[in-house]
Each structure stands twice: as structure tokens, then as C-alpha cells.
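**Q** Got a structure for you, written out below as C-alpha cells; questions coming shortly.
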Amino acid sequence: MASKKKYTYSGLSDSHSVQDVNSLLNAYVPNSDPGVRVAHKVLADEAPNELLRGNYHWTNKYVNSSGTLELSYHFLETEPSVRIQGAKFSIMPLFDISDFSAFNEEQKDAARLSLQSWSDVANIKFTEVDSMKKANITFGFFDYSSSDDYAFATLPNGQKTAYSWYHVKDQTFADNDIGVNGYARQTFTHEIGHALGLEHPADYDASDKIRPGYINSAEYFEDTRAHTVMSYFSEKYTGQDFKGNYSSAPLLNDISAIQDLYGANMETRTGDTVYGFNSNTDRDFMTATDANSKLVFSVWDAGGEDTFDFSGFSQNQRINLNEGAFSDVGGLKGNVSIARGVVIENAIGGSGDDILVGNSADNILKGGAGDDVIYGGLGGDHLWGGEGNDTFVYLDGKESLKDNPDWIHDFVSGEDKIDLSDFNFGATGDIKFVDAFSGKAGEVLFTYDEANDVTDLEISLGGDLAGNDFLVKVVGQPLTEADFIV
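Mapping of the sequence shown onto UniProt numbering: position 354 corresponds to residue 354, and the numbering continues sequentially without gaps.
Printed below as a string of C-alpha cells:
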């Protein structure tokens with residue numbers, strides 16, 4: 001990952017590891033991340049509603065008895081037409097386009113993958129049919145548009161069919177550049193989003209006389225391709241950087257919006273799923289095959305114990321397991337996000353100097369090689385630093401309680417550190433290492449079990465936390481005071 005300007009957050013410890021954790025917890029959050037310019041109002045969790053403001057959707061006529069929206073689709077083989085008083089008329093002039101051509105097999109496969117990406121996240125079933133008359137969604141190319149359109153689709157508004165059209169002479173289609181992370185693949189996903197009822201985040205369109213731009217056309221902060229495939233605007237406006245790659249599937253706000261319309265698909269990835277390297281998702285955009293792989297995706301996952309495996313990357317990465325959060329993976333910025341309501345339990349870093357932040361679940365966090373910073377947060381976490389000089393950060397007494405403690409499995413005394421410099425133990429005062437507790441908040445006691453090679457790290461808590469026992473189990477040599485940052 002390219003180096004990022006370091007900001008110091010006031011009111012926190014000056015410890016680099018504490019600052020790194022806080023920086024990741026605030027990453028890409030408007031008005032909290034100092035590196036993100038906020039040019040428009042922030043809608044946060046209300047942003048998905050803007051994609052639904054026109055109230056376009058398929059009616060209950062197409063919803064089966066189990067609540068699933070069932071839609072058919074067809075790849076047009078000939079110019080679509082209607083018969084009026086026995087005469088045949090093309091419908092293409094209705095869209096101010098002409099010169100029809102059909103999808104080739106590779107383009108059909110790419111469009112099918114885009115359809116699949118929508119049904120993965122929402123309660124929708126798509127079925128391919130052999131006739132336009134049977135289809136709810138159609139796909140075709142045109143060679144001329146009076147509005148110089150690149151692609152467009154009709155929104156569902158009571159009609160039987162939504163048409164999606166693409167300009168065959170555009171370079172992305174002419175060169176058959178339809179692979180994962182490409183603009184054409186995102187275009188298929190974008191136009192299918194329209195056919196399902198999603199609008200652009202604001203009232204702009206490619207046919208506008210003045211070309212839409214983020215500063216002049218967007219109406220709220222989250223109108224970028226980091227948050228929604230329905231946007232026209234670069235992810236860089238909200239701080240992310242995909243370095244020329246595009247999402248092939250719905251993103252954070254698309255997932256929330258389409259689930260609002262048709263419900264969530266609760267059958268998607270209900271088992272133990274791995275994303276990134278060693279992926280078992282069977283989705284190209286969620287799979288890393290080598291160190292040069294580029295990942296751009298937002299996770300919808302309905303259950304199981306799940307893992308972000310980014311072990312094959314050598315760049316410095318920042319991995320945040322909290323829902324709604326963005327991670328910097330494989331040299332890109334903010335390119336992996338977690339949809340609202342999703343729990344990802346585990347993360348594996350690569351060979352760079354990574355920062356890993358857990359959530360309130362019981363996490364497994366593995367830093368890998370490099371000098372890593374690991375913060376498990378709430379829950380009973382299992383932590384490995386891996387090779388390198390690693391730092392394990394604790395900020396609050398609630399983060400590792402005696403009835404469900406964290407385990408640090410590979411601590412090397414004299415190399416690794418436990419950072420308590422910003423630790424909230426429930427009362428004012430200083431950290432003090434003791435041989436036995438006296439009942440004062442802030443006392444730190446470690447007891448080494450030689451037989452099991454485990455140190456119990458305990459901290460006496462006060463204030464609202466009084467009566468609780470903070471405990472971390474540390475596997476390895478006996479700890480010394482020099483192993484701590486206080």
C-alpha cells in the first residue's frame with residue numbers, strides 16, 4: 001500500500017500502535033478521518049434510501065409463495081419488435097437507438113455473473129428464457145444513440161419487461177474487456193440495478209447536456225463507487241482508491257437498498273466462508289489467486305464462521321472486521337467493505353506491516369510476517385502476531401474479561417509488545433506493576449504457569465468496571481515490564 005500521511009489524534013496516547021488502531025477505526029468515516037474531504041452532507045445509514053427515492057420495484061405479481069421475487073431474462077438474438085395491425089415495428093426507436101447486435105457468449109457469461117451477484121444479496125431468483133415475450137429483463141447492444149448513451153436500462157414501473165442496452169462500439173465492449181474488476185462488468189451490474197428498481201444516487205444522467213461531476217451533481221457524501229455501483233463518481237472523492245479497478249458486484253448501499261425492496265438472501269454463504277486467498281466463495285471478485293490479485297467487493301454473508309484471508313499480499317494492509325467498515329487490502333485503499341448486519345469473525349494478514357482490528361465477536365486474528373498491530377476489541381479473541389515485532393493493543397477493561405479471555409498465542413518477550421498506554425481501567429491513575437493486588441485500579445499482575453508455558457496477565461479495574469477481572473492468556477516466555485507500552 002502506498003504510504004499514507006500520518007495524523008495524530010488528540011486525547012489519545014502518543015503510542016504509534018494506539019494511533020494506528022484509532023486511525024483504522026475512523027478510516028473513511030466522514031468528519032472523523034482527517035484524510036477524507038467532506039464536500040456534501042453525510043447521510044450514513046440513510047444513504048441507501050436515495051437509491052429508492054422513485055419507488056420503482058417489481059410488483060407482488062412476481063413474488064412467489066415463499067416471498068422470493070422471480071424474474072426471467074433473455075439475451076436478444078434479433079432486433080426486438082412489436083406487431084401493430086399486422087405490421088412489424090422495431091421498438092429501438094422508442095429508446096432513440098438503432099443498429100441492433102447480440103451478445104457473444106463471453107458477454108452473456110459476464111452478464112449472468114452480474115445477475116448472480118444481485119441474487120446473492122437479495123431474495124431474487126433469475127431464470128434464463130429463450131424468448132423476449134417470456135422475459136422480464138432483456139439484454140442487447142446498439143450501435144447508435146441520439147443521446148450518445150454508453151448504456152442504460154428501464155426502471156420497473158408496472159410494465160412486464162425492463163430493457164437493458166449497451167453501446168457495442170464502446171471500447172470496453174468492442175475489445176470484449178468484460179473480466180472481473182473491469183468497467184464493462186460493473187456496467188452490467190449497474191444496469192441490472194436499474195432494472196431491479198435502483199436509481200442513481202441523485203438526479204443526474206449520462207445524457208445530461210452538462211456532464212455530471214461529483215462536486216456539482218452529487219447531493220450527498222456517499223455518492224461514489226466506493227459505496228454504490230449506481231454512482232457515476234470515483235471512489236477517490238470519499239477517500240478510497242481502487243487504482244483503476246471497479247466493483248463487479250453490489251456494494252454497501254446497493255446491498256442495503258435492494259434488501260429493503262425484496263428482502264435479504266439468508267441462504268447465501270451460511271457455512272464457514274473464506275474470502276481472498278483460499279476462497280471457497282466460487283465468486284471471482286471475492287477470490288485472490290496470487291500476489292497481484294486486485295479485490296474490490298462488499299461482503300454479504302448469512303452465517304457461519306468466516307475469514308478474510310489476505311495472507312498472500314506483501315503490502316501494508318489495514319483490515320477492519322466491523323460491519324460497515326472499509327479495509328485497505330492488497331495495495332488498494334478502502335477496497336473491501338462489510339455490509340450492514342454481517343459478522344466476519346477472522347482475519348489473516350500478509351507479509352507487510354499490517355493493522356488488524358476485530359469486532360465484538362470472538363475473533364481469530366493472525367498478523368503474519370511483518371511488524372503488525374493487532375486489536376481484538378470486545379469478545380474472547382485468539383491472536384497471533386506471526387514473525388516480526390508485533391504489538392497487541394488493549395484500550396478498555398471490557399475487551400478481555402476473565403470468563404472469556406483473549407489468548408495471545410505466539411508472544412516473544414523482548415520482541416513483541418502489549419500496549420496499555422491508552423487503557424481504560426475504570427478510574428484515574430497510572431498503570432502499576434505489582435506482585436499482588438491491593439485493590440487499587442490500574443494494578444497489573446502477571447503470573448507464569450511454567451508447566452503450560454502460559455502467563456496470566458491481569459489488571460485491576462475500578463469505577464464502573466470494578467469487580468470485573470481483566471485477563472489475557474499469553475503463551476510463551478514469562479513477561480517482563482519491558483514487554484509493555486504504558
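A virtual CB, placed ideally from N, CA and C, is assigned to each residue, including glycine. All figures in this text were calculated on a predicted structure; none of them were measured in a lab.
Going by other Cβ atoms of all chains shown within 10 Å of its Cβ, with 16 needed for buried, is Ala436 buried or exposed?
**A** On the sequence shown, position 436 is the one that residue 436 refers to. Around the beta carbon of Ala436, fewer than 16 other beta carbons sit within 10 angstroms, so the residue counts as exposed.
**Q** Look at the alpha carbon of Lys6 and the alpha carbon of Asp33, and state the distance between them as a whole number of angstroms.
**A** Numbered from its first residue, the sequence shown carries residue 6 at position 6. Numbered from its first residue, the sequence shown carries residue 33 at position 33. Unreliable placement is indicated for Lys6, whose pLDDT of 45 sits below 50; no coordinate value is reported for it.
**Q** Identify whether Phe484 lies in helix, strand or coil by the three-state DSSP scheme.
**A** What you label residue 484 is simply residue 484 of the sequence shown in a count that begins at 1. It is a strand residue.
**Q** By Cβ distance, which residues of its chain are closer than 7 Å to Phe297, with the 5 residues on each side in sequence left out?
**A** Position 297 of the sequence shown, counted from the first residue, corresponds to residue 297. So the qualifying residues of the chain are Ser247, Ala249, Phe285, Met286, Val336.
**Q** Give every residue of the same chain whose Cβ lies closer than 7 Å to the Cβ of Asp430, excluding the five residues on either side of it in the sequence, and list them in chain order.
**A** Reading the sequence shown from its first residue, position 430 is the one you call residue 430. Correct list, in chain order: Gly442.
**Q** Tell me the start and end of each unbroken alpha helix (DSSP H) in the segment 279 to 344 that is at least 4 residues and wholly inside, in chain order.
**A** none
**Q** Going by Cα to Cα distance, which pick from Asp483, Leu115, Ala110, Lys473 is closest to Phe433?
**A** Within the sequence shown, the letter at position 433 stands for residue 433. Comparing Cα positions, the closest option is Asp483.
**Q** What are the start and end residues of the alpha helix (DSSP H) that includes Trp118?
**A** To locate residue 118, count along the sequence shown from 1; it is residue 118. 105 to 121 is the extent of the alpha helix (DSSP H) around Trp118.
**Q** State buried or exposed for Lys169, treating a residue as buried only when at least 16 other CB atoms are found within 10 Å of its CB.
**A** In the sequence shown, the residue the question calls residue 169 occupies position 169. The residue is exposed, with fewer than 16 neighbouring Cβ atoms inside 10 Å.
**Q** Evaluate the contact criterion for the segment 344 to 364 versus the segment 379 to 391: three or more CB pairs, one atom per stretch, below 8 Å.
**A** yes
**Q** Leaving out five residues on either side along the sequence, give the residues of the same chain with a beta carbon under 7 Å from the beta carbon of Ala257.
**A** As a working mapping, residue 257 is identified with position 257 in the sequence shown. Taken in chain order, the residues that qualify are Pro48, Leu51, Leu52, Leu198.
**Q** Specify, as a first and last residue, the run of the alpha helix (DSSP H) that Leu365 falls within.
**A** Counting from one through the sequence shown, the residue named residue 365 turns up at place 365. That residue, Leu365, is in no alpha helix (DSSP H); its beta strand (DSSP E) goes 364 to 366.
**Q** CB-CB under 7 Å to Ala2, same chain, minus the five flanking residues each way: which ones, in chain order?
**A** In the sequence shown, the residue the question calls residue 2 occupies position 2. For Ala2, the predicted model reports a pLDDT of 33, less than 50, meaning its position is unreliable and no value from the coordinates is stated.
**Q** Just verifying my parser: in three-state terms, what is the DSSP assignment at Asp469?
**A** In the sequence shown, counting from the first residue as 1, residue 469 sits at position 469. Asp469 falls in the strand class under three-state DSSP.
**Q** Taking 8 Å as the cut-off, decide whether the C-beta atoms of Ile178 and Glu70 are in contact.
**A** Within the sequence shown, numbered from 1, the residue matching residue 178 stands at position 178. Within the sequence shown, numbered from 1, the residue matching residue 70 stands at position 70. In this structure, Glu70 does not lie closer than 8 Å to Ile178 by Cβ.
**Q** Under a Cβ-count criterion, where at least 16 other Cβ atoms within 10 Å of its own Cβ denotes burial, should Gly312 be classed as buried or exposed?
**A** Numbered from its first residue, the sequence shown carries residue 312 at position 312. Gly312 should be labelled buried.
**Q** Taking all protein chains shown into account, do 16 or more other C-beta atoms lie within 10 angstroms of the C-beta of Phe89, making it buried, or fewer, making it exposed?
**A** Translated into positions along the sequence shown, residue 89 becomes position 89. So Phe89 ends up on the exposed side.
**Q** Using 8 Å as the threshold, is the C-beta distance between residue 499 and Gln171 below it?
**A** It is not possible to answer for residue 499, since the shown part of the chain is limited to 1 through 486.
**Q** On a CA-only basis, which of Thr189, Glu450, Ser17 is nearest Ile374? Give me that one, please.
**A** Numbered from 1 along the sequence shown, position 374 holds the residue referred to as residue 374. The candidate whose alpha carbon is nearest that of Ile374 is Ser17.
**Q** Among Asn123, Tyr232, Leu94, Tyr275, which one has its Cα closest to the Cα of Gly67?
**A** Residue mapping note: residue 67 aligns to position 67 of the sequence shown, counting from 1. Nearest C-alpha to Gly67: Asn123.
**Q** Helix, strand or coil for Phe75 per DSSP?
**A** Position 75 of the sequence shown, counted from the start, is the residue given in the question as residue 75. If DSSP states are grouped into helix, strand and coil, Phe75 belongs with the strands.
**Q** Between the Cα of Ile459 and those of Ser65, Asp403, Phe470, spot the shortest distance and give me the residue it belongs to.
**A** One-based indexing of the sequence shown puts residue 459 at position 459. Closest option to Ile459, Cα to Cα, is Phe470.
**Q** CA-CA distance, Ala206 and Ser413?
**A** Counting from one through the sequence shown, the residue named residue 206 turns up at place 206. Counting from one through the sequence shown, the residue named residue 413 turns up at place 413. Each residue's Cα considered, the two are about 60 Å apart.
**Q** Considering only residues of the same chain and omitting the five flanking positions on each side of Lys4, which have a CB-CB separation below 6 Å?
**A** Looking up residue 4 in the sequence shown gives position 4. Confidence at Lys4 is low in this model, with a pLDDT of 36, below 50, so the placement of that residue should be treated as unreliable; the coordinate-derived value is given next. Result list for Lys4: empty, nothing under 6 Å.
**Q** With a cut-off of 8 Å, does the C-beta of Ser231 fall near any C-beta of chain B?
**A** Chain labels in this structure do not include chain B; a single protein chain is all it has.
**Q** In terms of residue numbering, what span does the alpha helix (DSSP H) encompassing Ser17 cover?
**A** Taking the sequence shown and counting its residues from 1, one reaches residue 17 at position 17. That run of the alpha helix (DSSP H) goes 16 to 25.
**Q** Helix, strand or coil, according to DSSP, for Phe173 in the structure here?
**A** Taking the first residue of the sequence shown as position 1, residue 173 is located at position 173. It is helical.
**Q** Quick one: residues in its chain with C-beta nearer than 6 Å to the C-beta of residue 494, no 5 flanking neighbours on either side, listed in chain order?
**A** Outside the shown range of the chain (1 to 486) lies residue 494, about which nothing can therefore be said.
**Q** Let me know if Arg37 comes out buried or exposed under the rule of 16 or more other beta-carbons within 10 Å of its beta-carbon.
**A** Working through the sequence shown from its first residue, we reach residue 37 at position 37. Arg37 should be labelled exposed.
**Q** What do you get for Pro93, buried or exposed, if any count of 16 or more other CB atoms within 10 angstroms of its CB means buried?
**A** Position 93 of the sequence shown, counting from 1, holds the residue named residue 93. By the 10 Å Cβ count, Pro93 comes out exposed.
**Q** In whole angstroms, what is the alpha-carbon distance linking Lys333 and Ser217?
**A** Locating residue 333 in the sequence shown gives position 333, counting from the first residue. Locating residue 217 in the sequence shown gives position 217, counting from the first residue. Lys333 and Ser217: Cα-Cα distance of roughly 24 Å.
**Q** What residues match up with Ile418 in a beta bridge as DSSP calls it?
**A** Taking the first residue of the sequence shown as 1, we reach residue 418 at position 418. BP columns for Ile418 point to Phe392, Phe484.
**Q** Tell me which residues share the same chain as Leu155 and place their Cβ nearer than 8 Å to its Cβ, disregarding the 5 neighbours each side in the sequence.
**A** Reading the sequence shown from its first residue, position 155 is the one you call residue 155. Within the same chain, Leu155 has close Cβ partners Gly54, Tyr56, Ala162, His194, Ala195, Gly197, Glu199.
**Q** Taking only three categories from DSSP, how would you classify Thr238?
**A** In the sequence shown, counting from the first residue as 1, residue 238 sits at position 238. When DSSP states are grouped into helix, strand and coil, Thr238 belongs to the helix group.
**Q** Which residues in the same chain as Val342 place their Cβ atom closer than 8 Å to its Cβ, once the five residues preceding and following it in sequence are excluded?
**A** For this step, residue 342 is matched to residue 342 along the sequence shown. Only Val299, Trp300, Asp301, Glu323 meet the Cβ criterion.
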